Structure formats: structure tokens, C-alpha cells
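Participant: Please see the structure below; I have some questions.
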Amino acid sequence: MQIYTQAGAEALSPQYFRFDNSFAPFIRFLKLKQDNSIDIRVKFYRYLVKKFEQHPKLLVPFTDYALLEEHDELVQLLRMSLLPLSVNSDEVPMALAFLQPSSLFYYTKKFKDIFIDENIEFNTADDAVANLRYFVRIVLEQCYQYKTDVNIKL
């Protein structure tokens with residue numbers, strides 16, 4: 112299990128945003144996909160939901176990343192749900208993370224080669240807020256099809 116946390120990175124304080132690491136949103140997403148699909152993927156979604164629901168500690172907020180290492184099989188299933196089986200995941204720049212800046216719980220070698228530079232630092236509060244806004248905007252648009260105006264501050 113590869114876990115990357117940027118050195119010196121701190122989560123924004125609770126008044127700005129609350130970060131709860133949990134797979135519950137992913138399970139809700141799968142259940143929606145399951146209800147809106149009619150092909151073989153329904154069986155795969157059902158299987159993923161069943162596997163994750165067997166581990167309720169992953170469906171409530173947690174802070175101990177060791178829990179992810181204990182359930183590496185689930186992380187592998189998560190990866191499988193995102194990439195075609197025929198793709199060599201080491202050749203794809205991909206990372207998995209919760210909605211928390213500077214913290215990834217899985218990344219491929221290709222992702223590390225392209226995006227992770229241990230010498231880059233984002234130390235200013237402006238960088239942290241700008242990066243969070245950008246990330247939230249991407250999540251809203253890609254996961255929820257909610258378009259945001261780039262000029263409006265989230």
C-alpha cells in the first residue's frame with residue numbers, strides 16, 4: 112500500500128472544511144450506478160457494495176490509514192472498478208485519495224513519476240485554499256455533473 116502525505120501539509124481548519132475519510136460516499140455512488148445500469152456491471156457493483164459493507168469501519172469516518180493496509184483487497188477492487196482489466200495500472204497515471212489535500216492512499220508509479228516531487232512545497236495559506244477550491248470544483252464537475260463558475264469563489 113502506497114500512502115503519500117505531503118510533508119508539512121495541514122488540513123484546513125474545521126470552519127473551512129471537514130475531511131472525513133470514509134468509503135460511504137463511494138458505496139452510495141455504486142448503489143446509484145447499480146440502480147441506473149442494466150448490464151453486467153450491476154453484478155460487479157453489487158459485489159463491490161457487498162465486500163465494502165462487510166467492513167463497517169471503512170464506511171464511517173476514520174483517521175488511521177493502517178485500516179486501509181488491513182483491507183488491501185478492497186483497495187485493489189476499487190482500482191479494478193476504475194480501470195479496464197486489460198490495462199497495466201503501472202502505465203496509467205492514477206491516484207486514489209479522500210477529499211483531503213496532500214494525502215493519497217494509492218498511486219501508480221507513473222503518477223508518482225509525473226506528479227510527486229518531494230522538493231515542491233505549498234506553504235502559503237493562499238496555495239492551500241486555491242488548491243482546495245480547484246479540487247472541489249473538479250469533484251463537483253466530474254462526479255456530480257455540477258458546473259461551477261470559475262470566477263465564483265467556493
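Read in order, the letters of the sequence shown correspond to residues 112 to 265 in the working numbering. Where a beta carbon is used, it is the ideal one built from N, C-alpha and C, also for glycine. Here the structure is a predicted model, which is why all the values come from computation and not from measurement.
(1) Which residues mark the beginning and the end of the alpha helix (DSSP H) in which residue 159 is found?
(2) Could you name the residues of the same chain whose beta carbon sits closer than 7 Å to that of residue 134, not counting the 5 residues immediately before and after it, in chain order?
(3) Name the residue from 246, 155 and 154 whose alpha carbon lies nearest to the alpha carbon of residue 209.
(4) In chain order, what residues of the same chain have a beta carbon less than 7 Å from the beta carbon of residue 251, not counting five sequence neighbours either side?
(5) Check residue 140 in the structure and name its three-state DSSP category.
(6) Starting from residue 180, follow the alpha helix (DSSP H) in both directions and report where the run begins and ends.
(7) How many angstroms separate the CA atom of residue 204 from the CA atom of residue 194?
(8) To the nearest angstrom, how far is the alpha carbon of residue 192 from that of residue 151?
Facilitator: Quick look at the numbers:
(1) The count along the sequence shown starts at 1 and reaches residue 159 at position 48. That run of the alpha helix (DSSP H) goes 152-164.
(2) Within the sequence shown, the letter at position 23 stands for residue 134. So the qualifying residues of the chain are 163, 169 and 170.
(3) Your numbering for residue 209 matches position 98 in the sequence shown. Among 246, 155 and 154, the Cα nearest to that of residue 209 is on 246.
(4) Along the sequence shown, one-based indexing puts residue 251 at 140. Answer for residue 251: 257 and 259, listed in chain order.
(5) Numbered from its first residue, the sequence shown carries residue 140 at position 29. Here residue 140 sits in helix by DSSP.
(6) Counting from 1 along the sequence shown, the entry for residue 180 is found at position 69. Residues 177-181.
(7) Stepping through the sequence shown from its first residue, residue 204 is reached at position 93. Stepping through the sequence shown from its first residue, residue 194 is reached at position 83. Cα to Cα, residue 204 sits roughly 11 Å from residue 194.
(8) The residue given as residue 192 occupies position 81 in the sequence shown. The residue given as residue 151 occupies position 40 in the sequence shown. Answer to the nearest angstrom: the Cα atoms are 13 Å apart.
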